[in-house]
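For the record, in the sequence shown the residue sitting at position 72 is 74 according to the numbering used here, with numbers rising by one throughout. Down below is the structure, laid out as structure tokens.
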Amino acid sequence: MSKKNINKKPQETQETSEKYNSEVTKEDIDALGKKGLSMDGGDDRLLEKRKKDIDFSGKDLDIAGRDATNNTNTKNLKDEENTLYGQGTESKEGLEAPERANTDKSK
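Structural data, given as structure tokens:
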């Protein structure tokens, strides 16, 4: 907006003399293109001529272990959460008792 139009209301300026047309026209729809297709006109045009709907779920993909049954026996599993792996020395001294700041360390 120019300096001379700064005190005028927006309706009074030449820039806004035309009202905004909120109606969607056929030209607008054509410009947007079809839903789900890219505007570049490339490979997406192949999708436009498909007989089946596009399936993005991936159910036909071969993924290892997807259909495998869970036959694990919980008795054979190690308790990794409560087992101390690789901590301490061979004698495993002091694993359960943490060192405290206010305790006598001369023992």
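Heads up, the beta-carbon is just placed ideally off N, CA and C, and yes, glycines get one too.
A straight line joining the alpha-carbon of A66 with that of L48 spans about 30 Å.
In this structure, the CA atom of I56 is about 45 Å from the CA atom of E83.
For the pair K53 and D62, the Cα-to-Cα distance works out to about 18 Å.
In the DSSP assignment, E29 falls within the unbroken alpha helix (DSSP H) covering K28 to L34. DSSP, reduced to helix, strand and coil, places N23 outside both helices and strands of the structure shown, so it counts as coil.
In the structure shown, L48 adopts helical secondary structure according to DSSP, grouped into three states.
Excluding five sequence positions before and after E25, none of the CB atoms of its chain fall closer than 6 Å to its own CB.
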